[in-house]
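J.: Residue numbers (this note's numbering): 27 to 548. Note that CB positions come from ideal geometry on N, CA and C, so glycine has one too. Before we start, here is the structure in question, set down as structure tokens.
See below:
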């Protein structure tokens, strides 16, 4: 399959055979989502129905799906893992008004629509989320060849560029015969697919296009810049190679397209550090010991990405720490606690945190992976030592206090970590650090752990409220009681007495559940 791009942004694909058409269907299915319209045009026999049927089978994850032509029924509906999909054939429609009778153009934002002969719909198919595909027979290869012209509006341009670059990357890496399966992603804009070859070997496709700047919110900078979130895939590549150099199990990178933001990486599997009962203590302890091993090294702050291209790890500075804590004021307070805090209360909150940040910023920094918790830890029983723990999702790494990542682990946002296990992790970490440095200050580390555990959970409380209110993702709210419990646990530490008093006065919802889960971290 070859690609030419016109000045108007139309991608012309030469499909040499049926296999190429099926790969195009897989590539399109991988990026479709509710609200999308795929409008298929072309002469009779150009291959519209074949392409539509192939897309349907990919979306349904069923290569044997019966997908009869809707020529006579006009519309066929399918329930798939990606939501409702409608396949329409408007060849027999005489006027656009007929579509009103069958309800085809209703609730289009909730489903994926594949429509043949879209011109019969007139102006009733909106253009914003519409991808137009015009198919024709390849005159140089009329038996099996087809030519496909793909074009769409602004919303489709990047998605098409990514889809075509992805196909190029997969083919050049030798994975052209692999099946592509959508993987559940995280709360970010990244997407993942698992590629599986006929022999059963697999890899993971990571789709992480450059992050667009959001609105400026402070000093002319967007939130992502202030919080030092990765702007492109360079950060992942740099950290991946850095972790590899220390003998840790970060995924091997098989192929990359840095400009588009595509990586084909090793599939570390799905065996994690939790089971049906909760955290697996020995695996959590192994994770704590890995952190201790990482933190005993003197680590660089500049890491190579490619020839002549480096990544500089930013400091987890006061600005980043502060803007994250403010999320609880901006999102949790009004939308969860039902309170609008006065300016004087918010100023007092900032003053207390600034004093706490003074303590944290005095310590020497190290690599802080930032999301070191169960969703990002893979258990690899066939490997030895620290390599038993697979590491993913470290592109937002910064130079910060070593206690931050241990707090991420010991106060896992996705699963309850009992206080007794949390203390065991602190003890394991401290023992491992003292084995290399007898003067390691465990009491001082525990104090920083309580402060940073509070900072992290303050941030997460705000993020989960934002995911619900702004992004329409209410599923994260189920984790809020756990986050609130961790906050109560941390606020029992003497270092946080003033902050506890502020919460009791201004966000009493946090204390609606009793404090029986307090953990001694003194």
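Go ahead and label residue 97 buried or exposed: buried means 16 or more other beta carbons lie within 10 angstroms of its beta carbon, across all protein chains shown.
T.: What you label residue 97 is simply residue 71 of the chain shown in a count that begins at 1. So residue 97 counts as exposed.
J.: In terms of residue numbering, what span does the alpha helix (DSSP H) encompassing residue 266 cover?
T.: Reading the chain shown from its first residue, position 240 is the one you call residue 266. Segment 260-271, the alpha helix (DSSP H) holding residue 266.
J.: Mark residue 178 as exposed unless 16 or more other C-beta atoms lie within 10 angstroms of its C-beta, in which case mark it buried.
T.: Translated into positions along the chain shown, residue 178 becomes position 152. By the neighbour-count rule (16 or more Cβ atoms within 10 Å), residue 178 is buried.
J.: So the candidates are 205, 282, 232, 109; which of them puts its Cα closest to the Cα of residue 226?
T.: On the chain shown, position 200 is the one that residue 226 refers to. Closest option to residue 226, Cα to Cα, is 205.
J.: So, is residue 359 buried or exposed, given that buried needs 16 or more other C-beta atoms within 10 angstroms?
T.: Your numbering for residue 359 matches position 333 in the chain shown. Classification for residue 359: buried.
J.: Which residues in the same chain have their Cβ closer than 8 Å to the Cβ of residue 413, if we skip the five residues on either side of it in sequence?
T.: As a working note, residue 413 is residue 387 in the chain shown. Here the set comprises 273, 274, 275, 406.
J.: Which word fits residue 301, buried or exposed, when buried means at least 16 other C-beta atoms lie within 10 angstroms of its C-beta?
T.: Start at 1 with the first residue of the chain shown, and residue 301 comes out as number 275. By the neighbour-count rule (16 or more Cβ atoms within 10 Å), residue 301 is not buried but exposed.
J.: Report the option in 528, 89, 62, 332 whose CA atom is closest to the CA atom of residue 109.
T.: For the purposes of this step, residue 109 is taken as residue 83 along the chain shown, with counting starting at 1. Ranking 528, 89, 62, 332 by Cα distance to residue 109 puts 62 first.
J.: By a C-beta neighbour count over all protein chains shown, 10 Å radius and 16 as the cutoff for buried, is residue 74 buried or exposed?
T.: Reading the chain shown from its first residue, position 48 is the one you call residue 74. Result: buried.
J.: Compute the Euclidean distance between the alpha carbons of residue 331 and residue 164, then round it to the nearest angstrom.
T.: Your numbering for residue 331 matches position 305 in the chain shown. Your numbering for residue 164 matches position 138 in the chain shown. Their backbone Cα atoms lie some 41 Å apart in a straight line.
J.: Kindly indicate which three-state DSSP category residue 143 falls into: helix, strand or coil?
T.: In the chain shown, the residue the question calls residue 143 occupies position 117. Residue 143 falls in the coil class under three-state DSSP.
J.: On a CA-only basis, which of 49, 482, 462, 416 is nearest residue 89? Give me that one, please.
T.: In the chain shown, the residue the question calls residue 89 occupies position 63. Per the Cα distances, 49.
J.: Give the DSSP bridge partners of residue 292, in chain order.
T.: The count along the chain shown starts at 1 and reaches residue 292 at position 266. Answer by DSSP bridge pairing, in chain order: 229.
J.: Compare the beta carbon distance of residue 142 and residue 174 with 8 Å and say whether it is the shorter of the two.
T.: Residue 142 sits at position 116 when you count from the first residue of the chain shown. Residue 174 sits at position 148 when you count from the first residue of the chain shown. Cβ distance not < 8 Å, so residue 142 and residue 174 don't count as in contact.
J.: Would you kindly work out how many angstroms separate the C-alpha atoms of residue 136 and residue 401, rounded to a whole number?
T.: In the chain shown, counting from the first residue as 1, residue 136 sits at position 110. In the chain shown, counting from the first residue as 1, residue 401 sits at position 375. Computed Cα separation, rounded: 29 Å.
J.: Provide the residue(s) that pair with residue 104 in DSSP beta bridges, ordered along the chain.
T.: The sequence position of residue 104 within the chain shown is 78, counting from 1. 111, per the DSSP bridge assignment.
J.: What separation, rounded to the nearest whole angstrom, lies between the Cα atoms of residue 350 and residue 488?
T.: For this step, residue 350 is matched to residue 324 along the chain shown. For this step, residue 488 is matched to residue 462 along the chain shown. Distance between the alpha carbons of residue 350 and residue 488: 8 Å.
J.: Quick check: what's the CA-CA separation for residue 116 versus residue 147?
T.: One-based indexing of the chain shown puts residue 116 at position 90. One-based indexing of the chain shown puts residue 147 at position 121. Between residue 116 and residue 147, the C-alpha separation is close to 8 Å.
J.: Give me, in chain order, the residues of the same chain whose beta-carbon lies closer than 7 Å to that of residue 195; leave out the 5 immediate sequence neighbours on both sides.
T.: Stepping through the chain shown from its first residue, residue 195 is reached at position 169. If we look at residue 195 and ignore the five residues flanking it on each side, its Cβ neighbours are 281, 283, 288, 290.
J.: So, are the CB atoms of residue 456 and residue 466 less than 8 Å apart?
T.: Taking the chain shown and counting its residues from 1, the one referred to as residue 456 is at position 430. Taking the chain shown and counting its residues from 1, the one referred to as residue 466 is at position 440. It is a contact, given that the beta carbons lie within the stated cut-off.
J.: With burial defined as no fewer than 16 other Cβ atoms inside 10 Å of the residue's Cβ, what is the status of residue 541: buried or exposed?
T.: Here residue 541 is taken as the residue at index 515 of the chain shown, counted from 1. A caution first: residue 541 carries a pLDDT of 39, below 50, which makes its placement in the model too unreliable to give a value.
J.: Just to confirm the assignment, what range does the beta strand (DSSP E) spanning residue 379 have?
T.: The residue given as residue 379 occupies position 353 in the chain shown. Counting along the chain, residue 379 falls outside any beta strand (DSSP E), though it belongs to the alpha helix (DSSP H) covering 369-388.
J.: Looking at C-beta atoms only, is the number of pairs between the segment 118-133 and the segment 35-42 that lie closer than 8 Å three or more?
T.: These segments do not touch.
J.: Quick check: what's the CA-CA separation for residue 160 versus residue 216?
T.: Your numbering for residue 160 matches position 134 in the chain shown. Your numbering for residue 216 matches position 190 in the chain shown. Going by the C-alpha atoms only, they are around 29 Å apart.
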